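Engineer:
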Amino acid sequence: MFEHLKEQPADKILMLMQMYREDPRDRKIDLGVGVYKNAEGVTPIMRAIKAAEHQWWGEETTKAYTGLAGDPAFSDAMIGLVLGDAVSRDKVAAVATPGGTGAVRQAFELVKMANSKARVHVSDPTWPNHLSILKHLGIGTVPYRYFDETTCAVDFAGMMEDLERVDEGDVVLLHGCCHNPTGANLNLTQFKAVIELLNAKGALPMIDIAYQGFGDGLDADAQATREVAANCPETLIAASCSKNFGIYRERTGLLMAVSQDASKQKVAQGNLAYLNRQNYSFPPDHGARLVTMVLTDDALRADWQAELEEVRKNMLALREQLAGELQRLTGSDRFGFIAEHRGMFSRLGLAPEIVETLRKDHGIYMVGDSRINIAGLNKDTVPVLARAIVEAGG
Ligand code: LMR
């Protein structure tokens, strides 16, 4: 049977990760996969997570199953973190999922179950795995303009023009903050215009929020998501704990289905639990447990927020340093957008040949579309990258 299998295309981000690992050069720089690294190049376990883990080791008395939706305390804590008091709890159905990707996958499956004709409109570009999962599920996608390659900012006029083509019952995928891969984001006024358009069309917004706390702060980064959830009849939200809690390999995420009509909550909850059962039965608990402990304990939460702020500010400082360095070397503001972008990524607008030269000649690894992970830099490697970009003709 296996002889009928076809080779699958390699995931570009994960392939780059492998190439970097295999590169024997000492001075190589990894700006590929979206994993936070401190100045020493280490992805640390956050202090509050480590403390919760110690505590849980003493307290845990059983490894028996939780519920199909995960522990309701995790849902409550995460709904609070993402939605604040924008919508009342009785309007939200939620299930724990293996990471943000698990939430994205379950959300698309729910869309397919509810409306097999729904198309999903995606920003051009978007996280490649969105497209890959949608293709795998046989869901049609429609790209909408998002990124202006010349200014490296959002092409909002183009986006709105393209969203005019949305049909009733379609889904529009939006990034809640820290757009991946571009780093260019809508402001709140623009989000409000999108909400109005989608409501007029009868389309459903789906928000992928994987970097809350990495842009302008925990609440600021959730503002758009809250605005959508409060003002659209129905919203799907896929949230990840991988980055802001630094628990990548624990696979911790939450899928929320919000409906202004609270009577739909029960059927949505039942369907989400059903999907968990079909795909992997019970969601993983360890990461979700740690997140719940951190969010519900005042001291742990304060320490986590303080550390997350340090992480966020480190990335902002690196952005400013890189924009400044490139300004100095090129004598132009061409790369000024790097300081304006938010989150872990910036798409630099470099041609594929330059990206390749940077990898081959300088050992600098970035995704082929010139997306860099800002956190892969430190203050000593910023000038190295800036010089290499200029030398490569970028
Ligand atoms: C990324 O975009 O690099 C991250 O979201 C990690 C991944 O799984 O691709």
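Sequential numbering of the sequence shown, starting at -18, is according to the working numbering.
Beta carbons are placed, not taken as given, at the ideal position from N, Cα and C, and that holds for glycine.
Model, not experiment: these values are computed from the prediction.
So, at 6 Å on beta carbons, what are the nonlocal neighbours of Ala74 in its own chain, with the 5 sequence-adjacent residues on each side left out?
Structural biologist: Residue 74 sits at position 93 when you count from the first residue of the sequence shown. Contacts found: Ala238, Gln246, Ala249, Gln250, Leu253.
Engineer: Could you spell out where the alpha helix (DSSP H) holding Asn252 opens and where it closes?
Structural biologist: As a position in the sequence shown, residue 252 is number 271, starting the count at 1. It spans 246 to 260 - the alpha helix (DSSP H) in which Asn252 sits, taken as one unbroken run.
Engineer: Flag this pair as touching only if the region 316 to 327 and the region 55 to 65 have three or more C-beta atom pairs under 8 Å; answer yes or no.
Structural biologist: no
Engineer: Classify Asp200 as helix, strand or coil using the three-state DSSP reduction.
Structural biologist: Start at 1 with the first residue of the sequence shown, and residue 200 comes out as number 219. Three-state DSSP puts Asp200 in a helix.
Engineer: Specify whether the region 139 to 159 and the region 183 to 194 touch according to this definition: at least 3 beta carbon pairs, one from each stretch, less than 8 Å apart.
Structural biologist: yes
Engineer: From Val14, Arg328, Arg293, Ile345, pick the residue whose C-alpha is nearest to that of Asp105; which is it?
Structural biologist: Here residue 105 refers to the residue found at position 124 of the sequence shown. Ranking Val14, Arg328, Arg293, Ile345 by Cα distance to Asp105 puts Arg328 first.
Engineer: So for Tyr1, helix, strand or coil by DSSP?
Structural biologist: The sequence position of residue 1 within the sequence shown is 20, counting from 1. Looking at Tyr1 - three-state DSSP - the assignment turns out to be helix.
Engineer: For Trp108, count the other beta carbons within 10 Å of its own beta carbon; 16 or more makes it buried, fewer makes it exposed. Which is it?
Structural biologist: Counting from 1 along the sequence shown, the entry for residue 108 is found at position 127. With 16 or more Cβ atoms within 10 Å of its Cβ, Trp108 is classed as buried.
Engineer: Within the region 127 to 184, note down every full beta strand (DSSP E) run reaching 3 residues or more, in order along the chain.
Structural biologist: 152 to 156
Engineer: Count the other CB atoms, across all protein chains shown, that sit within 10 Å of the CB of Asp314; report buried if there are 16 or more and exposed otherwise.
Structural biologist: By 1-based counting over the sequence shown, the position of residue 314 is 333. Per the 10 Å Cβ criterion, exposed.
Engineer: Output needed for Pro198: all residues of its chain with C-beta closer than 8 Å, excluding positions within five of it in sequence on either side, in chain order.
Structural biologist: Numbered from 1 along the sequence shown, position 217 holds the residue referred to as residue 198. The sequence as given places Gly at residue 198; Pro does not occur at that position. Cβ neighbours of Gly198 beyond the five flanking positions: Glu290, Arg293.
Engineer: Determine the closest residue to Val103 out of Pro79, Phe128, Glu90, Leu91, with distance taken between C-alpha atoms.
Structural biologist: The sequence position of residue 103 within the sequence shown is 122, counting from 1. Nearest C-alpha to Val103: Phe128.
Engineer: According to DSSP, is Pro237 helix, strand or coil?
Structural biologist: In the sequence shown, counting from the first residue as 1, residue 237 sits at position 256. Looking at the sequence provided, one finds Met at residue 237 rather than Pro. Three-state result, Met237: strand.
Engineer: Do the region 13 to 20 and the region 350 to 363 make contact, defined as three or more Cβ pairs closer than 8 Å?
Structural biologist: yes
Engineer: Check whether the Cβ atoms of Leu358 and Leu299 sit closer than 7 Å, and answer yes or no.
Structural biologist: As a first step, residue 358 must be located in the sequence shown, where it is residue number 377. As a first step, residue 299 must be located in the sequence shown, where it is residue number 318. The answer is yes: Cβ separation under 7 Å.
Engineer: Whose CA, out of Ile114, Arg86, Asn19, lies closest to the CA of Pro(-10)?
Structural biologist: Start at 1 with the first residue of the sequence shown, and residue -10 comes out as number 9. Measuring from the Cα of Pro(-10), the nearest candidate turns out to be Ile114.
Engineer: What are the partner residues of Pro124, as DSSP defines its beta bridges?
Structural biologist: Locating residue 124 in the sequence shown gives position 143, where the first residue counts as 1. Note: Pro124 sits in a beta bridge opposite Val103.
Engineer: Taking the beta carbon of Phe(-17) as the centre, do at least 16 other beta carbons fall within 10 Å, making it buried, or is it exposed?
Structural biologist: Translated into positions along the sequence shown, residue -17 becomes position 2. Its Cβ having fewer than 16 others within 10 Å, Phe(-17) is exposed.
Engineer: Tell me the DSSP secondary structure of Pro79 in three-state form.
Structural biologist: Position 98 of the sequence shown, counted from the first residue, corresponds to residue 79. Looking at Pro79 - three-state DSSP - the assignment turns out to be coil, as it is neither helix nor strand.
Engineer: Just the C-alpha distance for Asp(-8) and Tyr1, rounded to the nearest angstrom, thanks.
Structural biologist: Residue numbering aside, residue -8 sits at position 11 when the sequence shown is read from its first letter. Residue numbering aside, residue 1 sits at position 20 when the sequence shown is read from its first letter. Distance between the alpha carbons of Asp(-8) and Tyr1: 14 Å.
Engineer: Is Gln(-1) buried or exposed, if buried means 16 or more other CB atoms sit within 10 Å of its CB?
Structural biologist: What you label residue -1 is simply residue 18 of the sequence shown in a count that begins at 1. Exposed, since its Cβ has fewer than 16 Cβ neighbours within 10 Å.
Engineer: Closer than 6 Å: is that where the CB of Val14 sits relative to any heavy atom of the ligand LMR?
Structural biologist: Taking the first residue of the sequence shown as 1, we reach residue 14 at position 33. At least one heavy atom of the ligand LMR is nearer than 6 Å to the Cβ of Val14, so yes.
Engineer: Alpha carbons only, please: which of Gln36, His111, Glu306 is nearest the one belonging to Gly119?
Structural biologist: For the purposes of this step, residue 119 is taken as residue 138 along the sequence shown, with counting starting at 1. For the residues Gln36, His111, Glu306, the minimum Cα distance to Gly119 belongs to His111.
Engineer: Looking only at its own chain, which residues have a Cβ that is under 7 Å from the Cβ of Arg8, when we skip the five neighbours before and after it?
Structural biologist: Here residue 8 refers to the residue found at position 27 when the sequence shown is read from its first residue. Contacts found: Gly344.
Engineer: Please report the straight-line C-alpha distance between Gly330 and Phe263, rounded to a whole angstrom.
Structural biologist: Your numbering for residue 330 matches position 349 in the sequence shown. Your numbering for residue 263 matches position 282 in the sequence shown. When rounded, the distance between both Cα atoms is 42 Å.
Engineer: Relative to the C-alpha of Glu149, which residue among Gln302, Gly183, Cys159 is closest?
Structural biologist: In the sequence shown, counting from the first residue as 1, residue 149 sits at position 168. With distances taken between Cα atoms, Glu149 lies closest to Gly183.
Engineer: Considering only their Cβ atoms, is the gap separating Arg100 from Val123 smaller than 7 Å?
Structural biologist: Taking the first residue of the sequence shown as 1, we reach residue 123 at position 142. Taking the first residue of the sequence shown as 1, we reach residue 100 at position 119. Taking 7 Å as the Cβ cut-off, Val123 and Arg100 qualify as a contacting pair.
Engineer: Grab me the residues of Glu90's own chain with a C-beta within less than 7 Å of its C-beta, minus the 5 sequence neighbours each way, in chain order.
Structural biologist: Within the sequence shown, residue 90 is the residue found at index 109, counting from 1. Answer for Glu90: Leu118, Leu256, listed in chain order.
Engineer: Check for me: the alpha helix (DSSP H) holding Glu41 runs from which residue to which?
Structural biologist: Residue mapping note: residue 41 aligns to position 60 of the sequence shown, counting from 1. Premise fails: Glu41 is in no alpha helix (DSSP H) and is neither H nor E.
Engineer: Using only the alpha-carbon positions, how far apart do Arg28 and Lys93 sit?
Structural biologist: Here residue 28 corresponds to residue number 47 of the sequence shown, with the count starting at 1. Here residue 93 corresponds to residue number 112 of the sequence shown, with the count starting at 1. Whole-angstrom Cα-Cα distance: 40 Å.
Engineer: In the DSSP assignment, find the unbroken beta strand (DSSP E) run with Leu331 in it and report its ends.
Structural biologist: Taking the first residue of the sequence shown as position 1, residue 331 is located at position 350. Segment: none, Leu331 is in no beta strand (DSSP E) and carries neither H nor E.
Engineer: Closest to Val363 by C-alpha separation, out of His(-15), Lys(-13), Met(-4), Ala20, would be which residue?
Structural biologist: In the sequence shown, the residue the question calls residue 363 occupies position 382. When only C-alpha atoms are compared, the closest one is Ala20.
Engineer: Are the beta-carbon atoms belonging to Ala210 and Ala304 less than 7 Å from one another?
Structural biologist: Position 229 of the sequence shown, counted from the start, is the residue given in the question as residue 210. Position 323 of the sequence shown, counted from the start, is the residue given in the question as residue 304. Result no, Cβ atoms of Ala210 and Ala304 do not sit closer than 7 Å.
Engineer: Just curious, the beta strand (DSSP E) that Thr216 is in, first and last residue?
Structural biologist: Within the sequence shown, the letter at position 235 stands for residue 216. Per DSSP, the unbroken beta strand (DSSP E) holding Thr216 starts and ends at 215 to 221.
Engineer: Beta-carbon within less than 8 Å of Leu179's beta-carbon, same chain only, minus the 5 sequence neighbours each way: which residues are those?
Structural biologist: By one-based count along the sequence shown, residue 179 stands at place 198. Same-chain partners within the cutoff: Leu144, Val147, Val153, Leu185, Pro186, Cys213.
Engineer: Indicate, with yes or no, if the ligand LMR has a heavy atom lying under 6 Å from the CB of Asn161.
Structural biologist: The residue you call residue 161 lines up with position 180 of the sequence shown. Answer for Asn161: yes, Cβ within range of the ligand LMR.
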